[in-house]
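Enquirer: The following block contains the structure, expressed as structure tokens.
In this note's numbering, the protein residues as written are 314 to 649.
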């Protein structure tokens, strides 16, 4: 109460409103214009079109009601959408697994659920048909899945979320008008589509922030100053997970507690979903699949490859960086 004053609350509101103005007046129109100018490039960079997203902005303490929906879409078909409905959702909890078959970790036990996950380094140098990445390969119910703004926007649209559908129609409609031809929704399955979805998600988020600010003011007005839920620690072995729709996509943490101590802990982060190598069945990950059939104008300067991967907004801290303590050059990459 002493730190969260009315002045500070309204300063937060002014920042939300400032962001809203930028997204509405600059970001959305610019993305639509660029998409229209390069409309033919919507044929490239789709990659994996199974999409995974989790609900966000909870409206109750139990995590059973959310302002922003989430779920799973198969093969880019919005009609296949299956919702993820709560923080305890069994469909999500039982669906996640990670393979280290092509990652530099021990992989004797096949794809493992995060509760049983192992992260024991086993570096082998680069192997075309073996291990070649420090990133594991997550799957959802045995399938590779793309996460991030595109997955989030498509899942919210499939769930009938009104603000998402409104901004999606605005961006696609504006791009179609500028291009002089109708751009279908399927154009979002592309490098440019990921950028468009990121702008759409920004617009949805600022509306949600405005709603959350109003809910906060209502709570404070009713005398509710609670800032957290006091945890209850149960005895025996317990397993639990938490998820969040981060800017780059689905983030989940998994823990096994035994006799009051952490027995196992795993984090399955957004860039792991997208950057992961081939899985247990040798299916390509989203980065890898998105590069297939991409035209490259200059093999010596493959900017198209960089542009496609950049559209996922990679988090390289989610992998491991190689450092030579002798300060010798490992690799040099030139990009303009």
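Using N, Cα and C, we set each Cβ at its ideal position, and we do this for glycine too.
Note that the coordinates shown come from a computational prediction; the quantities given were computed from them, not determined experimentally.
Given residue 517, which residues of its chain have a CB within under 8 Å of its CB, disregarding the five upstream and five downstream residues?
Expert: 381, 466, 469, 474, 476, 477 and 480
Enquirer: Is it true that the CB of residue 358 sits closer than 8 Å to the CB of residue 587?
Expert: no
Enquirer: Could you spell out the range, first to last residue, of the alpha helix (DSSP H) harbouring residue 525?
Expert: Unbroken alpha helix (DSSP H) run through residue 525: 504 to 534.
Enquirer: Classify residue 444: buried if its beta carbon has 16 or more other beta carbons within 10 angstroms, exposed otherwise.
Expert: Residue burial is scored here from C-beta neighbours: residue 444 has at least 16 other C-beta atoms within 10 angstroms and is therefore classed as buried.
Enquirer: Just curious, the alpha helix (DSSP H) that residue 327 is in, first and last residue?
Expert: 319 to 335
Enquirer: Which of the three DSSP states, helix, strand or coil, is assigned to residue 496?
Expert: Secondary structure at residue 496: coil, using DSSP grouped into helix, strand and coil.
Enquirer: For the ligand ZN, any of its heavy atoms closer than 7 Å to the Cβ of residue 363?
Expert: As far as ligands go, the structure on display features none, and thus does not contain the ligand ZN.
Enquirer: Count the other CB atoms, across all protein chains shown, that sit within 10 Å of the CB of residue 540; report buried if there are 16 or more and exposed otherwise.
Expert: Counting Cβ neighbours within 10 Å, residue 540 comes out exposed, since fewer than 16 surround it.
Enquirer: Just verifying my parser: in three-state terms, what is the DSSP assignment at residue 593?
Expert: coil
Enquirer: Tell me whether the beta-carbon of residue 509 lies closer than 8 Å to the beta-carbon of residue 349.
Expert: No, Cβ-Cβ distance for residue 509 and residue 349 is not below 8 Å.
Enquirer: Across which residues does DSSP place residue 367 in a beta bridge pair?
Expert: Answer by DSSP bridge pairing: none, since residue 367 is not bridged.
Enquirer: How would you call residue 685, buried or exposed, if buried means at least 16 neighbouring beta carbons within 10 angstroms?
Expert: No answer is possible for residue 685: it lies beyond the span of the chain, which begins at 314 and ends at 649.
Enquirer: Looking at the unbroken alpha helix (DSSP H) that takes in residue 361, where does it start and where does it end?
Expert: No alpha helix (DSSP H) contains residue 361, which DSSP labels as neither H nor E.
Enquirer: Would you be able to state if there are at least three C-beta pairs under 8 Å between the stretch 551 to 558 and the stretch 400 to 409?
Expert: yes
Enquirer: Measure the beta-carbon distance from residue 340 to residue 512 and round it to whole angstroms, keeping in mind my assumption that it falls under 8 Å.
Expert: 5 Å
Enquirer: Just the Cα atoms here: how many angstroms apart are residue 416 and residue 322?
Expert: If I take the Cα positions, the gap works out to 46 Å.
Enquirer: From which residue to which residue does the alpha helix (DSSP H) around residue 623 run?
Expert: 616 to 623
Enquirer: So, at 7 Å on beta carbons, what are the nonlocal neighbours of residue 522 in its own chain, with the 5 sequence-adjacent residues on each side left out?
Expert: Taking C-beta separations shorter than 7 Å and ignoring five residues to either side along the sequence, the partners of residue 522 in its chain run 329, following chain order.
Enquirer: What does the Cβ neighbour count give for residue 546, buried or exposed, with the cut at 16 atoms within 10 Å?
Expert: exposed
Enquirer: Of the residues 354, 627 and 618, which one's Cα is nearest the Cα of residue 462?
Expert: In this structure, 627 is the residue among 354, 627 and 618 with its C-alpha nearest to the C-alpha of residue 462.
Enquirer: Can you list, in chain order, the residues of its chain with a C-beta nearer than 7 Å to that of residue 344? Leave out the 5 residues immediately preceding and following it.
Expert: Only residues of its own chain outside the window of five on either side were considered, and among them 484, 508, 509 and 512 have a CB closer than 7 Å to the CB of residue 344, listed in chain order.
Enquirer: At the level of alpha carbons, what is the spacing between residue 409 and residue 592?
Expert: 13 Å
Enquirer: Can you tell me where the alpha helix (DSSP H) with residue 390 in it begins and where it stops?
Expert: From DSSP, residue 390 is part of no alpha helix (DSSP H) but of the beta strand (DSSP E) over 390 to 397.
Enquirer: Please look up how many angstroms separate the CB atoms of residue 411 and residue 450, rounded, as I've assumed it's under 8 Å.
Expert: Contact annotation, residue 411 with residue 450: C-beta distance approximately 7 Å; criterion of less than 8 Å satisfied.
Enquirer: Here's the rule: buried if 16 or more other CB atoms are within 10 angstroms of the residue's CB, otherwise exposed. What is residue 575?
Expert: exposed
Enquirer: Just mark residue 375 as buried or exposed, buried being the case when its beta carbon has 16 or more other beta carbons within 10 Å.
Expert: exposed
Enquirer: Between which residues of its own chain and residue 370 is the CB-CB distance below 7 Å, once the five residues before and five after are set aside?
Expert: 379, 380, 381, 521 and 525
Enquirer: According to the Cβ coordinates, are residue 620 and residue 504 closer than 8 Å?
Expert: yes
Enquirer: Which residue or residues does DSSP assign as beta-bridge partners of residue 451?
Expert: Per DSSP, 411.
Enquirer: I think residue 387 touches residue 363, with their Cβ atoms under 8 Å apart; what is that distance to the nearest whole Å?
Expert: 5 Å
Enquirer: With distances taken Cα to Cα, identify the nearest neighbour of residue 360 among 383, 614, 605 and 639.
Expert: Of the listed residues, the one whose Cα sits closest to residue 360 is 605.
Enquirer: Could you pull out every residue in the same chain whose Cβ sits closer than 7 Å to the Cβ of residue 428, ignoring the five residues on either side in sequence?
Expert: These residues qualify, in order along the chain: 552, 567, 569 and 577.
Enquirer: From the DSSP secondary-structure annotation, give me the bridge partner or partners of residue 381.
Expert: Looking at the DSSP assignment, residue 381 forms a beta bridge with 369.
Enquirer: Would you decide whether residue 405 is buried or exposed? Buried here means 16 or more other CB atoms lie within 10 Å of its CB.
Expert: buried
Enquirer: Out of 618, 602 and 603, which has the shortest C-alpha to C-alpha gap to residue 609?
Expert: 618
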